[in-house]
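Below is one structure, written out as structure tokens, with a few remarks after it.
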Amino acid sequence: MNQGQAVAPQGAGKILPLFSSLPPLALYIHIPWCIRKCPYCDFYSNRLTGELDEDGYIAVLKRDIEEALPLVWGRPIISVFIGGGTPSLFSAEGIGKLLKMVHSSLPIQPNAEISMEANPGTFETEKFKAYRDVGINRLSIGVQSFNPEHLKVLGRIHGREEALAAAKVARACFDQVNLDLMLGLPGQTLAQFQEDVKTAVSLDPTHLSLYQLTIEPNTPFAAHPPALPDEDVVDEMQSWMEKMLPEMGYQHYEVSAWAKPGCQCRHNSNYWLYGDYLGVGAAAHSKLTFSDGRIVRRMCVRNPDAYMKGDDRGRTPFEETFEVSVKDRRFEFMMNALRFINGFPTRLFEERTGLPLASISDPLQQAESKGLLKVSPATICPTSLGMRFLNDLQEIFLPD
Ligand code: SF4
Numbered sequence: 492m493n494q495g496q497a498v499a500p501q502g503a504g505k506i507l508p509l510f511s512s513l514p515p516l517a518l519y520i521h522i523p524w525c526i527r528k529c530p531y532c533d534f535y536s537n538r539l540t541g542e543l544d545e546d547g548y549i550a551v552l553k554r555d556i557e558e559a560l561p562l563v564w565g566r567p568i569i570s571v572f573i574g575g576g577t578p579s580l581f582s583a584e585g586i587g588k589l590l591k592m593v594h595s596s597l598p599i600q601p602n603a604e605i606s607m608e609a610n611p612g613t614f615e616t617e618k619f620k621a622y623r624d625v626g627i628n629r630l631s632i633g634v635q636s637f638n639p640e641h642l643k644v645l646g647r648i649h650g651r652e653e654a655l656a657a658a659k660v661a662r663a664c665f666d667q668v669n670l671d672l673m674l675g676l677p678g679q680t681l682a683q684f685q686e687d688v689k690t691a692v693s694l695d696p697t698h699l700s701l702y703q704l705t706i707e708p709n710t711p712f713a714a715h716p717p718a719l720p721d722e723d724v725v726d727e728m729q730s731w732m733e734k735m736l737p738e739m740g741y742q743h744y745e746v747s748a749w750a751k752p753g754c755q756c757r758h759n760s761n762y763w764l765y766g767d768y769l770g771v772g773a774a775a776h777s778k779l780t781f782s783d784g785r786i787v788r789r790m791c792v793r794n795p796d797a798y799m800k801g802d803d804r805g806r807t808p809f810e811e812t813f814e815v816s817v818k819d820r821r822f823e824f825m826m827n828a829l830r831f832i833n834g835f836p837t838r839l840f841e842e843r844t845g846l847p848l849a850s851i852s853d854p855l856q857q858a859e860s861k862g863l864l865k866v867s868p869a870t871i872c873p874t875s876l877g878m879r880f881l882n883d884l885q886e887i888f889l890p891d
């Protein structure tokens, strides 16, 4: 039976689909502190003042995981990602305790990808080997640029030499290393961007994340916008990396992600393929699918003190919890899965949303007729025009 057509009554007149199998489940752990706030950043993080209470924070993460156990009972965890904020503010001993707690609370798959984000400061780099020894198997370093001027404008606390040293030490300690780089930086020329990418590649990371700098609302950059390169220059940067990175051994597999063969990020791929994730920590998001047809999203409260204190009964405090409506899940799925350069298996739409493919036949046809998408029984894949105008393609799937 087509699972997308299976329905179960849910309360007064509400009909929702059933899931015959649940998507893969990942664990995200948010560490909400940074040394200081970068002016472009809209991730949720607080400036760290005073001592970091590692044991106290691990205890509340344990509380969150234990409270969530009935929601994910028996489901193996395919990947763990410790993100932030700046997780490398934690000592290696603290990360070790955290992973021990996670392993004793949840069934982590034996070969799970266990990633952690790190800043490239000297203080952090000295801990890389110890992070590996306590169980981290993939390190993601927020380099952003190797150009001293650009690092300064971005308000980063590391310099070029620290970035180089961090990437070298990381590669010596880990089989899987990602470097984050940004393009379209204030005053950046094509030659400067090329220099950044070539420097990154010379350090032999297994994965590169290349994001265009965008000015996000409610950031210092939004209040005082720096002069960014013209769109033409940014287009040239994009075209250059699309031509050169494959020649340097990196496959473009997602809008902003490039990897050596076999080194795609499993955790992020699960997000993009509308998999499930349990998020713990201040401001962490979760998306969980239930066999009765519900997909639930929730977010822990943002403020670390309020999060650690808990609600009036000492339980995990949530800022919001809601069920994803049928019309929203179509858009959510397509918005994420269309980010893959080689598209996604057609059957995945029904498996992950619980809806029949026929429910998006009109927008699929519209996207195909505009030359933005190729649809076959096996795969749905954006064309190169579709990738170039990805926002337009995604918008076709917006609910009416
Ligand atoms: S270190 Fe990262 S998370 Fe922290 S403020 Fe800077 S960009 Fe944001």
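In our numbering, the protein residues as written are 492 to 891.
C-beta: ideal position from N, C-alpha, C; glycine also.
Next item on the list: Quick one: measure Cβ to Cβ for Gly650 and Pro639, integer angstroms, because I've assumed they're closer than 8 Å.
Entry: 6 Å
Note to self: Since Arg788 and Lys778 should fall inside the 8 Å C-beta cutoff, what is the C-beta to C-beta distance between them, to a whole number of angstroms?
What the structure shows: 5 Å
Note to self: For Asn827, tell me which candidate among Asn761, Asp666, Gly587, Leu518 has the shortest Cα-Cα distance.
What the structure shows: That would be Asn761, whose Cα lies nearest to the Cα of Asn827.
Notebook entry, point to check: Is the beta carbon of Lys643 within less than 7 Å of some heavy atom of the ligand SF4?
Noted result: It does not: the Cβ of Lys643 is nowhere closer than 7 Å to a heavy atom of the ligand SF4.
Notebook entry, point to check: If we count Cβ pairs, one from each stretch, closer than 8 Å, do we get three or more for the stretch 534 to 549 versus the stretch 734 to 753?
Noted result: no
Check: When every heavy atom of the ligand SF4 is checked, does at least one fall within less than 7 Å of the C-beta of Ser631?
Finding: no
Next item on the list: Give, in chain order, every unbroken run of the alpha helix (DSSP H) that is at least 4 residues long and sits entirely within the stretch 649 to 702.
Entry: 651 to 664, 681 to 693
Next item on the list: Taking Tyr519 as part of the beta strand (DSSP E), name the residues at either end of that continuous run.
Entry: 516 to 522 is the extent of the beta strand (DSSP E) around Tyr519.
Checklist line | Cβ-heavy atom distance, Ser536 to the ligand SF4, below 7 Å | finding: yes
Check: At which residues does the beta strand (DSSP E) containing Lys618 begin and terminate?
Finding: Here Lys618 belongs to no beta strand (DSSP E), and DSSP marks it neither H nor E.
Margin query: Quick check for students: name the residue ranges of the alpha helix (DSSP H) that lie wholly in the stretch 714 to 763, counting only runs of 4 or more.
Written below: List check, alpha helix (DSSP H) in window: 722 to 738, 757 to 763.
Next item on the list: Check whether the Cβ of Asn610 lies closer than 7 Å to any heavy atom of the ligand SF4, and answer yes or no.
Entry: yes
Checklist line | Span separating the alpha-carbon of Val571 from that of Pro795 | finding: Separation of Val571 and Pro795 (C-alpha to C-alpha, rounded to the nearest whole angstrom) is 21 Å.
Check: Quick one, which of Ala750, Glu545, Lys800, Thr807 has its alpha-carbon nearest His776's?
Finding: Thr807
Check: Since Met790 sits in a beta bridge, which residues does DSSP pair it with?
Finding: His776, Glu811
Check: If you draw a straight line from the alpha carbon of Leu543 to that of Phe581, how long is it in whole angstroms?
Finding: 8 Å
Next item on the list: Whole angstroms is fine: what's the gap from Met878's alpha carbon to Asp546's?
Entry: 45 Å
Notebook entry, point to check: Quick one: what's got a C-beta closer than 7 Å to Gly753's C-beta in the same chain, skipping five residues either side?
Noted result: none
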